[in-house]
Amino acid sequence: MAADTPLWTPTQDRIDAAPLTAFMKAAEKATLSFSGYGDLHRWSIDDREAFWSLVWDFCGLVGDKGERHLVDGEKMPGASFFPDARLNFAENLLHKTGAGGAIIFRGEDKVERRLSWNELHALTSRLQQLFLSLGVKAGDRIAAMMPNMPETIAAMLAASSIGAVWSSCSPDFGEQGVLDRFGQIEPVVFIAPDGYWYNGKAIEVADKVRAVAEKLASVRKVLIVDYLGTSGDVAATIDKAAALEEALSPFAARTVSFERLPFAHPLYILFSSGTTGIPKCIVHSAGGTLIQHVKEHRLHAGLLDGDRLFYFTTCGWMMWNWLVSGLASGATLLLYDGSPFYPDGNVLFDFADAEKMTYFGTSAKFIDSVRKAGLKPIASHDLSSVRTISSTGSPLSPEDFRFVYEGIKKDVHLASISGGTDIVSCFVLGVPTEPVWTGEIQGAGLGLAVDVWDDDGKPVRQEKGELVCTKAFPSMPIGFWNDPEGKKYHAAYFERFDNVWCHGDFAEWTAHGGMIIHGRSDATLNPGGVRIGTAEIYNQVEQMPEILEALCIGQDFDNDVRAVLFVRLAAGVRLDEDLEKRIRARIRTGASPRHVPARIVAVTDIPRTKSGKITELAVRDVVHGRAVKNKEALANPEALELFRDLPQLAS
20 MAADTPLWTP TQDRIDAAPL TAFMKAAEKA TLSFSGYGDL HRWSIDDREA FWSLVWDFCG
80 LVGDKGERHL VDGEKMPGAS FFPDARLNFA ENLLHKTGAG GAIIFRGEDK VERRLSWNEL
140 HALTSRLQQL FLSLGVKAGD RIAAMMPNMP ETIAAMLAAS SIGAVWSSCS PDFGEQGVLD
200 RFGQIEPVVF IAPDGYWYNG KAIEVADKVR AVAEKLASVR KVLIVDYLGT SGDVAATIDK
260 AAALEEALSP FAARTVSFER LPFAHPLYIL FSSGTTGIPK CIVHSAGGTL IQHVKEHRLH
320 AGLLDGDRLF YFTTCGWMMW NWLVSGLASG ATLLLYDGSP FYPDGNVLFD FADAEKMTYF
380 GTSAKFIDSV RKAGLKPIAS HDLSSVRTIS STGSPLSPED FRFVYEGIKK DVHLASISGG
440 TDIVSCFVLG VPTEPVWTGE IQGAGLGLAV DVWDDDGKPV RQEKGELVCT KAFPSMPIGF
500 WNDPEGKKYH AAYFERFDNV WCHGDFAEWT AHGGMIIHGR SDATLNPGGV RIGTAEIYNQ
560 VEQMPEILEA LCIGQDFDND VRAVLFVRLA AGVRLDEDLE KRIRARIRTG ASPRHVPARI
620 VAVTDIPRTK SGKITELAVR DVVHGRAVKN KEALANPEAL ELFRDLPQLA S
């Protein structure tokens with residue numbers, strides 16, 4: 020558990036300068052008094068109506084707020100936030116103009132581009148006119164299989180300016196993976212690149228785009244965005260296709276028009292990335308997404324106008340949607356597309372120095388990989404502009420918490436955050452006015468009644484249980500696509516506990532009021548009936564230099580469940596009896612005797628999703644001889660075969 024001394028404590032100057040402090044003072048004007056973040060959080064869930072109304076005003080949302088701010092607030096699902104409001108998502112992200120930087124883009128070392136706010140407005144305007152000429156209207160879907168580049172953001176803004184619904188994935192998805200997603204939502208426009216750069220190589224996608232476009236019968240137009248310099252050639256080979264620049268040529272930039280729509284109007288369709296069946300199509304609202312994101316950006320991330328916001332993400336991960344909303348706070352977006360290790364592990368830190376990055380967002384896996392590669396950015400880079408380093412995607416190990424301060428930067432706010440596609444945001448995240456403790460996420464998000472419950476639905480403290488949210492919040496999905504009676508939606512989140520959101524994370528409150536995520540609750544182990552979080556095992560074994568990464572599952576065996584640990588070893592390392600003993604000893608002393616696996620098996624690769632998460636459930640299915648239904652969600656589906664019919668697991 021955490022040490023007695025925090026890793027980092029904000030100075031009084033930083034506390035005074037934090038937007039969260041100004042927000043607390045604004046709330047206190049309403050005859051309230053808060054002794055700290057805990058009091059503010061309690062008020063934010065006890066009086067959600069007043070809290071979310073203040074967020075609207077404090078963050079300067081553009082639109083008509085309306086008289087009612089929360090109706091049927093005790094119903095989940097069923098609550099309605101700002102039911103009388105009218106707003107437009109794109110109008111809020113494009114409220115800033117001028118020659119200052121809106122987007123800075125790097126595609127590995129091959130492409131670099133910059134868009135001012137005025138240039139972003141102009142590109143959005145031309146795309147809006149193009150979409151309108153194609154008959155796109157409010158509620159229509161626009162789908163993009165795109166790199167994380169400026170055209171993707173401008174196309175999303177143009178779509179949402181009309182009230183169309185945006186959905187995206189990354190161009191490394193296979194044909195079936197794209198069809199499993201976009202085939203369900205029947206888009207009228209399909210946007211794709213001529214290719215993309217990865218690990219220094221040009222990856223062409225023309226054949227895949229053609230195959231997908233042929234099977235999306237609803238598509239009226241395919242737009243090919245130039246990235247490799249071949250968009251015209253690619254478009255010529257695809258029915259209904261045009262190179263984007265050619266399609267935009269008839270339209271001169273003018274003032275973007277914004278259709279103000281209800282708060283709950285659909286904005287995004289995101290897709291579950293699990294491997295248990297065809298992806299769920301999760302529909303998020305414009306108002307709910309906007310107000311949740313500006314709250315997280317301004318109050319939890321501490322974003323200020325003119326900040327330089329970076330998150331390493333693809334367009335198939337909800338962190339892309341989260342990143343883009345930074346425009347609403349007046350931040351310059353720093354986009355990077357490609358491998359974060361090309362030409363080496365310094366590339367993102369080089370980007371941070373060159374562009375004076377203030378918020379450095381990445382994955383726990385990236386931080387772990389930098390540590391294991393022996394890199395020390397604290398010695399090789401300046402990073403003086405970086406105020407916050409953020410980590411998500413999987414639990415950040417205590418070792419990597421310490422590495423951030425020892426190997427990257429001493430005086431920095433480390434914000435480990437956790438939420439998901441389901442809420443397009445976070446349940447627990449950084450609190451810039453509070454200390455950072457080893458291995459702990461700092462606290463629950465404002466306005467979110469987050470708790471940890473046991474199997475009987477009772478709150479527990481400093482014990483592991485289910486992560487729940489006991490009151491409705493604005494960024495709950497509107498529902499699932501093609502789920503008219505809401506049965507799939509209800510089953511996904513509300514079946515376990517009535518009228519309470521059950522998120523599917525195995526979590527624990529700490530003595531400091533922070534939280535530890537122990538992994539997905541459906542991937543927890545139950546040897547002898549005792550629930551064990553897989554992250555606790557990974558935190559131990561992945562500190563060993565012999566082990567690059569690990570994956571642990573529960574195998575049904577002899578009328579019980581036994582823990583099986585798979586390890587990917589460092590070059591030249593062999594899993595012999597001595598290493599097995601040391602692994603078991605490390606887990607026994609670092610976690611508990613109950614965590615020690617019954618079997619340890621070496622593998623050459625571990626399957627993971629496109630967003631970099633290891634897939635325990637898919638491996639569990641393979642080990643038990645069950646079919647994996649959605650292999651297209653995986654970045655490396657061939658790795659699953661390494662786990663099939665293993666003799667080590669037969670006895």
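Using the working numbering, the first residue of the sequence shown is number 20, and each one after it goes up by one.
Idealized CB from N, CA, C, for every residue including glycine.
(1) Where do the ends of the beta strand (DSSP E) carrying residue 220 lie?
(2) Is it right to say residue 568 is buried, meaning 16 or more other beta carbons lie within 10 angstroms of its own, or is it exposed?
(3) Give the list of continuous beta strand (DSSP E) stretches no shorter than 3 residues that lie fully inside the region 414-471.
(4) Curious, which full-length beta strand (DSSP E) runs of at least 3 residues does the region 206-250 contain?
(5) For the beta strand (DSSP E) containing residue 135, list its first residue and its last residue.
(6) If I'm right that residue 427 touches residue 396 with Cβ under 8 angstroms, what's the distance once you round it to whole angstroms?
(7) Near residue 20, which residues of its chain fall below 7 angstroms by C-beta distance, leaving aside the five closest residues on each side in sequence?
(8) For residue 586, report the span of its alpha helix (DSSP H) as first-last.
(9) What's the C-alpha gap between residue 188 and residue 334?
(10) Only counting the same chain, and skipping five residues up and downstream in sequence, which positions put a Cβ closer than 6 angstroms to that of residue 377?
(11) Would you decide whether residue 219 is buried or exposed? Buried here means 16 or more other CB atoms lie within 10 Å of its CB.
(12) Residue 527: buried (16+ other C-beta within 10 angstroms of its C-beta) or exposed?
(13) Only counting the same chain, and skipping five residues up and downstream in sequence, which positions put a Cβ closer than 8 angstroms to that of residue 655?
(14) CB-CB under 7 angstroms to residue 197, same chain, minus the five flanking residues each way: which ones, in chain order?
(15) What do you get for residue 118, buried or exposed, if any count of 16 or more other CB atoms within 10 angstroms of its CB means buried?
(16) Between 168, 415, 64, which lies nearest to residue 492 when the distance is taken from Cα to Cα?
(17) For residue 155, I'd like the list of residues in its chain whose CB is within less than 8 angstroms of its CB, leaving aside the five on either flank, ordered along the chain.
(18) Rounding to the nearest angstrom, what Cα-Cα distance links residue 323 and residue 449 in this structure?
(19) Do the CB positions of residue 229 and residue 204 come within less than 7 angstroms of each other?
(20) Measuring straight from C-alpha to C-alpha, what distance separates residue 585 and residue 663?
(21) If you check the beta carbons only, do residue 260 and residue 241 fall under 7 angstroms apart?
(22) Please name the residue in 398, 167, 540 whose C-alpha comes closest to that of residue 521.
(23) If you draw a straight line from the C-alpha of residue 166 to the C-alpha of residue 485, how long is it?
(24) Following the continuous beta strand (DSSP E) through residue 484, name the residue where it begins and the one where it ends.
(25) Rounding to the nearest angstrom, what Cα-Cα distance links residue 530 and residue 226 in this structure?
(26) Would you mind listing the alpha helix (DSSP H) stretches within the region 283-371 that are 4+ residues and don't spill past its ends, in chain order?
(27) Starting from residue 574, follow its DSSP beta bridges and name the residues at the other end.
(28) In terms of residue numbering, what span does the beta strand (DSSP E) encompassing residue 641 cover?
(29) In this structure, how does DSSP classify residue 592 when only helix, strand and coil are distinguished?
(30) Go to residue 196, then tell me how far its beta strand (DSSP E) extends in each direction, as first and last residue.
(31) Between 416, 469, 130, which lies nearest to residue 354 when the distance is taken from Cα to Cα?
(32) So residue 29 packs on residue 451, CB below 8 angstroms; how close in whole Å?
(33) Just reading off the alpha helix (DSSP H) that residue 524 is part of, what are its end residues?
(34) Please name the residue, chosen from 262, 504, 519, 125, that lies closest to residue 211 on a Cα-to-Cα basis.
(35) What's the gap between the Cα of residue 301 and the Cα of residue 597?
(36) Rounded C-beta distance between residue 267 and residue 149? I'm assuming under 8 angstroms.
The answer reads as follows:
(1) Here residue 220 refers to the residue found at position 201 when the sequence shown is read from its first residue. It spans 220-223 - the beta strand (DSSP E) in which residue 220 sits, taken as one unbroken run.
(2) On the sequence shown, position 549 is the one that residue 568 refers to. Looking at its Cβ environment, which holds 16 or more other Cβ atoms inside 10 Å, residue 568 is buried.
(3) 432-435, 437-439, 444-448
(4) 208-212, 214-217, 220-223, 240-244
(5) By one-based count along the sequence shown, residue 135 stands at place 116. Here the beta strand (DSSP E) through residue 135 covers 130-135.
(6) To locate residue 427, count along the sequence shown from 1; it is residue 408. To locate residue 396, count along the sequence shown from 1; it is residue 377. Contact flag correct, Cβ pair sits at about 5 angstroms.
(7) For the purposes of this step, residue 20 is taken as the residue at position 1 of the sequence shown. Note that residue 20 has pLDDT 41, beneath the 50 cutoff, so the model's placement of it is unreliable and the number below is only indicative. Contacts found: none.
(8) As a working note, residue 586 is residue 567 in the sequence shown. Run containing residue 586: none in the alpha helix (DSSP H); it sits in the beta strand (DSSP E), 579-588.
(9) Taking the sequence shown and counting its residues from 1, the one referred to as residue 188 is at position 169. Taking the sequence shown and counting its residues from 1, the one referred to as residue 334 is at position 315. Near 5 angstroms, if we compare the C-alpha coordinates of residue 334 and residue 188.
(10) Against the sequence shown, residue 377 aligns to sequence position 358. Within the same chain, residue 377 has close Cβ partners 326, 327, 404, 406.
(11) In the sequence shown, residue 219 corresponds to position 200, counting from 1. Exposed is the call here.
(12) Position 508 of the sequence shown, counted from the start, is the residue given in the question as residue 527. Burial call: buried.
(13) Reading the sequence shown from its first residue, position 636 is the one you call residue 655. Answer for residue 655: 624, 626, 627, listed in chain order.
(14) Residue 197 sits at position 178 when you count from the first residue of the sequence shown. The residues are 164, 188, 231.
(15) For the purposes of this step, residue 118 is taken as residue 99 along the sequence shown, with counting starting at 1. Exposed.
(16) Mapped onto the sequence shown, residue 492 falls at position 473. If we check each option's Cα against that of residue 492, 64 comes out closest.
(17) Residue 155 sits at position 136 when you count from the first residue of the sequence shown. 161, 178, 181, 183, 207, 208, listed in sequence order.
(18) Here residue 323 refers to the residue found at position 304 when the sequence shown is read from its first residue. Here residue 449 refers to the residue found at position 430 when the sequence shown is read from its first residue. Roughly 16 angstroms separates the two Cα atoms.
(19) Indexing the sequence shown from 1 puts residue 229 at position 210. Indexing the sequence shown from 1 puts residue 204 at position 185. Cβ distance not < 7 angstroms, so residue 229 and residue 204 don't count as in contact.
(20) To locate residue 585, count along the sequence shown from 1; it is residue 566. To locate residue 663, count along the sequence shown from 1; it is residue 644. Whole-angstrom Cα-Cα distance: 13 angstroms.
(21) As a working note, residue 260 is residue 241 in the sequence shown. As a working note, residue 241 is residue 222 in the sequence shown. Contact: yes.
(22) Here residue 521 refers to the residue found at position 502 when the sequence shown is read from its first residue. Of the candidates 398, 167, 540, the one whose C-alpha sits nearest the C-alpha of residue 521 is 540.
(23) In the sequence shown, the residue the question calls residue 166 occupies position 147. In the sequence shown, the residue the question calls residue 485 occupies position 466. Taking the straight line joining both Cα atoms gives about 35 angstroms.
(24) On the sequence shown, residue 484 is found 465 positions in, with the first residue counted as 1. Taken as a continuous stretch (DSSP letters only), the beta strand (DSSP E) holding residue 484 covers 484-488.
(25) Looking up residue 530 in the sequence shown gives position 511. Looking up residue 226 in the sequence shown gives position 207. Near 55 angstroms, if we compare the C-alpha coordinates of residue 226 and residue 530.
(26) 305-314, 337-343
(27) The residue you call residue 574 lines up with position 555 of the sequence shown. According to DSSP, which records beta bridges pairwise, residue 574 is partnered with 581.
(28) Here residue 641 corresponds to residue number 622 of the sequence shown, with the count starting at 1. No beta strand (DSSP E) contains residue 641, which is instead part of the alpha helix (DSSP H) from 635-642.
(29) Taking the first residue of the sequence shown as 1, we reach residue 592 at position 573. Looking at residue 592 - three-state DSSP - the assignment turns out to be coil, as it is neither helix nor strand.
(30) Translated into the one-based positions of the sequence shown, residue 196 becomes position 177. No beta strand (DSSP E) holds residue 196; the alpha helix (DSSP H) holding it covers 194-204.
(31) Within the sequence shown, the letter at position 335 stands for residue 354. The residue with the shortest Cα to Cα distance from residue 354 is 130.
(32) As a first step, residue 29 is located in the sequence shown; it is residue number 10 there, counting from the start. As a first step, residue 451 is located in the sequence shown; it is residue number 432 there, counting from the start. The pair is a contact, with the Cβ atoms about 6 angstroms apart (cut-off 8 angstroms).
(33) Taking the sequence shown and counting its residues from 1, the one referred to as residue 524 is at position 505. Careful: residue 524 lies outside any alpha helix (DSSP H), inside the beta strand (DSSP E) at 520-528.
(34) Counting from one through the sequence shown, the residue named residue 211 turns up at place 192. Residue 262 is the option with its Cα nearest to residue 211.
(35) For this step, residue 301 is matched to residue 282 along the sequence shown. For this step, residue 597 is matched to residue 578 along the sequence shown. Approximately 48 angstroms between the Cα atoms of the pair.
(36) Start at 1 with the first residue of the sequence shown, and residue 267 comes out as number 248. Start at 1 with the first residue of the sequence shown, and residue 149 comes out as number 130. About 6 angstroms; that satisfies the 8 angstroms criterion.
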